[in-house]
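Asker:
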Amino acid sequence: MSFSPHTVSLSAANGAGASTLDVSLGPQHPSTHGVFRMNVRMDGETIVKLQPVFGYLHRNHEKLAEKNSWLGSMPYTDRLDYICPITNNWAYAVAVEKLAGIEVPERAEYIRVIVGELTRIQNHTAFLGFILGDMGGWGSALMYAFREREKILDLFEWLTGARMMVNYMRFGGVRCDLPVGWLEKARAYVETYPAFLDEMEQLLVGNEILLSRLQGVAVLSGERAINGGLSGPVLRASGVDYDIRKVDGYGVYPRLNFRIPRGTVGDCFDRFMMRILEIRESIKILQQAFAQIPEGPIVNPAVKQRGFKPPAGEAYGRIEGPKGELGFHLISEGGEKPYRYHVRPPSLINLTLLEEMCLGAKIADVMVILGSIDIVLGEVDR
Amino acid sequence: MIALTPETVLVRVHAALPEARVELLNNPSPSGQHSLVVHRDDALKVAEFLKNDPELLLDFASNVSGVDYADHLEAVYHLFSIAKKQGPITLRMRTGDRDHDVAVPSLTRVWKSADFQEREAFDLFGIRFEGHPDLRRLLMWDEFVDHPLRKDYVAPDDYQYEPTPHGEIVPKAAAAQA
């Protein structure tokens with residue numbers, strides 16, 4: 000069976016009388032969240048085959064890292080999932096700290112939790128706007144979401160000098176301390192956030208069209224989700240109780256009290272609701288972190304950042320990123336550059352079951368299903 | 000319930016599959032993540048055992064990466080147990096050499112999550128995953144010939160002359176303008 004939809008074509012692939020239509024969706028489709036292509040075969044409007052095509056944003060991130068110093072890759076990690084650069088920094092730092100056995104000061108761990116959870120909130124907020132766009136609700140919801148996201152990016156800009164390309168973490172800590180007044184401003188902002196979320200939830204979740212577009216679409220069982228390597232909110236929406244913040248207990252998460260929301264059906268609606276519920280838990284984490292953050296050093300003074308040479312060996316380190324398990328597999332030969340640097344990208348691996356989820360669905364649902372997974376192509380293609 | 004460490008897993012594998020060639024590879028790093036090196040001919044049944052054994056239940060193959068060493072290639076799998084909330088267990092498979100004997104069995108039929116990641120390792124390292132349902136390049140384009148993450152890969156000095164699917168457009172455009 001030939002399947003090469005570089006152009007739209009009619010073919011009689013399903014046997015006598017039946018005709019299917021091959022369409023190449025993307026890479027410039029506005030709902031593919033970047034440059035992502037899907038070759039779909041449709042019978043009427045029903046998907047009978049779907050093949051994702053990757054690589055339009057490939058820049059061989061891993062090869063670049065092998066030619067760079069260990070610290071030199073830190074700013075490049077910002078460009079993986081550019082919606083959440085700080086958590087990318089964090090995952091890389093965690094992997095290197097595992098590799099070299101580095102302790103992180105307590106204040107730095109709290110700062111990491113604060114900026115990490117703010118990142119989760121702004122990622123999930125942006126998600127709420129994006130998925131409405133995928134359903135055809137262009138504009139309003141996205142603008143509402145981006146207004147809130149921008150307030151968090153303002154905090155990041157004040158802290159790091161950049162809205163998105165933050166380059167903020169260091170091995171054994173963070174690059175700079177919180178500016179005077181930052182914590183108060185962040186705390187005041189987090190106080191106002193639930194009012195926005197309540198309004199957003201009321202506007203969206205009560206909407207009949209939204210419910211009919213999301214409920215019962217692309218139901219995924221927990222068993223399939225585990226086997227497919229899905230992680231993060233997409234995995235938990237299928238009812239699997241697995242959050243790396245709890246399982247690995249990295250940083251100061253074991254000291255913070257929060258719950259892990261889970262879905263019951265595993266459809267697009269559960270994946271959508273998962274984001275709203277996770278934002279609420281992140282707010283709880285932030286309030287505790289604001290109250291508990293101690294004074295002290297922000298980076299381990301024993302670590303020489305420039306000319307950093309971890310001992311020979313390898314490590315796999317991971318964190319619970321907003322989109323799922325973000326991991327780094329690093330191999331050191333004891334030199335100034337990594338021998339091997341591999342990113343475990345949740346955005347790519349969460350697409351493993353995309354075809355399975357889309358089969359039997361309508362073409363209009365494909366965008367919603369893709370949107371409910373929440374991908375960023377900077378991380379998919381690397 | 001046993002704690003999942005490479006040592007305990009190895010004991011269980013040896014007990015259940017005495018003929019399988021699996022050995023422990025020490026990792027000198029402070030991470031202490033030692034690996035299990037499994038001979039590629041035994042890899043599939045070892046993988047199935049790791050996933051299904053009620054004491055191990057390594058149901059989540061989180062990460063797959065290729066590695067290029069001087070005389071062979073490696074496929075490295077980081078396995079976790081979601082049922083037991085433990086891990087990682089690092090599983091490695093080695094090819095015979097870097098040029099001709101580069102096949103290892105695909106573990107996609109055990110863990111679907113390996114699907115795209117094995118394609119990526121095939122694309123960037125040239126490891127052939129035998130039995131993979133759809134072994135095509137993932138990130139580079141289909142017509143690309145080399146494997147860019149290999150240590151001896153030489154990047155072209157002018158990217159303009161890389162053959163791409165759009166290459167034939169250039170002479171057509173020139174002819175149209177003439």
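The listed protein sequences derive, respectively, from chains A and B. For the first sequence, numbering that gives the first Met the number 0 assigns the number 0 to the initial residue and increments by one for each residue that follows. For the second sequence, numbering that gives the first Met the number 0 assigns the number 0 to the initial residue and increments by one for each residue that follows. Glycine included, each C-beta is placed from N, C-alpha and C at the ideal position. Here the structure is a predicted model, which means the values were calculated and not measured.
Hey, is phenylalanine 115/B's beta-carbon within less than 8 Å of any beta-carbon in chain A?
Answerer: So yes, phenylalanine 115/B belongs to the interface.
Asker: Classify leucine 219/A as buried or exposed, calling it buried when 16 or more other Cβ atoms lie within 10 Å of its own Cβ.
Answerer: By the neighbour-count rule (16 or more Cβ atoms within 10 Å), leucine 219/A is buried.
Asker: Methionine 134/A lies in the beta strand (DSSP E); which residues open and close that run?
Answerer: First-last for methionine 134/A: undefined, no H or E at that position.
Asker: For a contact meaning CB atoms closer than 7 Å, what does alanine 60/B contact in chain A?
Answerer: Simply Gly228.
Asker: Does the beta-carbon distance from asparagine 87/A to aspartate 77/A come in below 8 Å?
Answerer: In contact: asparagine 87/A and aspartate 77/A (Cβ atoms closer than 8 Å).
Asker: Cβ of methionine 189/B less than 8 Å from any chain A Cβ?
Answerer: Shown here, chain B extends from 0 to 177; a query on residue 189/B therefore has no answer.
Asker: I'd like to know if asparagine 51/B contacts chain A, where contact means its C-beta is closer than 8 Å to some C-beta of that chain.
Answerer: Not an interface residue.
Asker: Take aspartate 96/B as the anchor and find which of Phe124/B, Arg11/B, Pro147/B has the nearest alpha-carbon.
Answerer: Minimum Cα distance to aspartate 96/B is reached at Phe124/B.
Asker: Within 8 Å of any Cβ in chain A, is that where the Cβ of leucine 55/B sits?
Answerer: Cβ-Cβ to chain A under 8 Å: no for leucine 55/B.
Asker: Using DSSP bridges, identify the partner residues of threonine 89/B.
Answerer: The partner list for threonine 89/B (beta bridge, DSSP) reads Ser34/B, His77/B.
Asker: Can you find a CB in chain A that lies within less than 8 Å of the CB of phenylalanine 30/B?
Answerer: The question names phenylalanine, but residue 30/B in the sequence shown is serine. Output row for serine 30/B: interface = yes.
Asker: State the beta-bridge partners of glutamine 121/A as determined by DSSP.
Answerer: None, per the DSSP bridge assignment.
Asker: Indicate whether at least one CB of chain B lies closer than 8 Å to the CB of isoleucine 225/A.
Answerer: Output row for isoleucine 225/A: interface = yes.
Asker: Would a C-beta distance cut-off of 8 Å place aspartate 67/B and lysine 150/B closer than the cut-off?
Answerer: Against a cut-off of 8 Å, the Cβ pair of lysine 150/B and aspartate 67/B comes out as a contact.
Asker: Exposed or buried, what is lysine 322/A when buried is set at 16 or more other beta-carbons lying within 10 Å of its beta-carbon?
Answerer: By the 10 Å Cβ count, lysine 322/A comes out buried.
Asker: Consult DSSP for methionine 139/B and reduce its assignment to one of helix, strand or coil.
Answerer: Three-state DSSP puts methionine 139/B in coil, outside helix and strand.
Asker: Within the region 153-219 of chain A, note down every full alpha helix (DSSP H) run reaching 4 residues or more, in order along the chain.
Answerer: As far as the region 153-219 of chain A is concerned, its whole alpha helix (DSSP H) runs of at least 4 residues are 181-204, 207-213.
Asker: Evaluate the contact criterion for the region 78-97 of chain A versus the region 160-178 of chain A: three or more CB pairs, one atom per stretch, below 8 Å.
Answerer: Output reads yes: the region 160-178 of chain A touches the region 78-97 of chain A.
Asker: Strictly under 8 Å for the Cβ-Cβ distance: is asparagine 59/A near chain B by that measure?
Answerer: It does: the Cβ of asparagine 59/A has a partner Cβ on chain B nearer than 8 Å.
Asker: Would you tell me roughly how many angstroms separate the C-alpha atoms of isoleucine 101/A and lysine 336/A, rounded to the nearest one?
Answerer: Distance between the alpha carbons of isoleucine 101/A and lysine 336/A: 18 Å.
Asker: Less than 6 Å between C-beta atoms, sequence neighbours within five positions excluded: which residues of the same chain meet that for isoleucine 289/A?
Answerer: Looking at the sequence provided, one finds phenylalanine at residue 289/A rather than isoleucine. Same-chain partners within the cutoff: Arg186.
Asker: Can you tell me whether isoleucine 130/A is buried or exposed, with buried defined as 16 or more other CB within 10 angstroms of its CB?
Answerer: By the 10 Å Cβ count, isoleucine 130/A comes out buried.
Asker: Would you please state the rounded distance, in angstroms, between the beta carbons of proline 309/A and proline 27/B? I believe it to be under 8 Å.
Answerer: No, proline 309/A and proline 27/B are not in contact; Cβ-Cβ is about 11 Å, not under 8 Å.
Asker: 8 Å is my cut-off, CB to CB: does lysine 84/B come that close to chain A?
Answerer: Output row for lysine 84/B: interface = yes.
Asker: Suppose contacts are defined by Cβ-Cβ distances below 8 Å. Is phenylalanine 203/B in contact with leucine 78/B by that definition?
Answerer: Within the shown structure, residues of chain B are numbered from 0 to 177, placing residue 203/B beyond reach of any answer.
Asker: For histidine 131/B, decide whether its Cβ has a neighbour in chain A, counting only Cβ atoms nearer than 8 Å.
Answerer: No, because no Cβ of chain A sits closer than 8 Å to the Cβ of histidine 131/B.
Asker: When the Cα of glutamate 200/A is compared with those of Ile275/A, Val367/A, Gln287/A, which residue comes out closest?
Answerer: For glutamate 200/A, the nearest C-alpha among the options comes from Ile275/A.
Asker: Which residues in chain A have a C-beta closer than 8 Å to the C-beta of isoleucine 81/B? List them in chain order.
Answerer: Near isoleucine 81/B (Cβ distances below 8 Å), the residues of chain A are Ile225, Val239, Tyr241.
Asker: Does the Cβ of valine 144/B have 16 or more other Cβ atoms within 10 Å, making it buried, or fewer, making it exposed?
Answerer: Exposed.
Asker: Could you name the residues of chain A that leucine 134/B contacts, counting a contact when the two beta carbons are closer than 7 Å?
Answerer: Under the 7 Å cutoff, chain A gives no residues; its nearest Cβ is about 14 Å from leucine 134/B.
Asker: Mind checking serine 139/A: buried by the 16 CB within 10 Å criterion, or exposed?
Answerer: Exposed is the call here.
Asker: Please classify tyrosine 143/A: does DSSP put it in a helix, a strand, or coil?
Answerer: Residue state, collapsed to three classes: helix.
Asker: Within the present structure, is the beta-carbon of cysteine 83/A separated from the nearest heavy atom of the ligand MG by less than 7 Å?
Answerer: What this structure holds is no ligand at all, so the ligand MG is not there to describe.
Asker: Answer with yes or no whether the minimum CB distance from valine 367/A to chain B is below 8 Å.
Answerer: Cβ-Cβ to chain B under 8 Å: no for valine 367/A.
Asker: Under the three-state reduction of DSSP, which class applies to tyrosine 152/B: helix, strand or coil?
Answerer: Tyrosine 152/B: coil per DSSP, three-state reduction.
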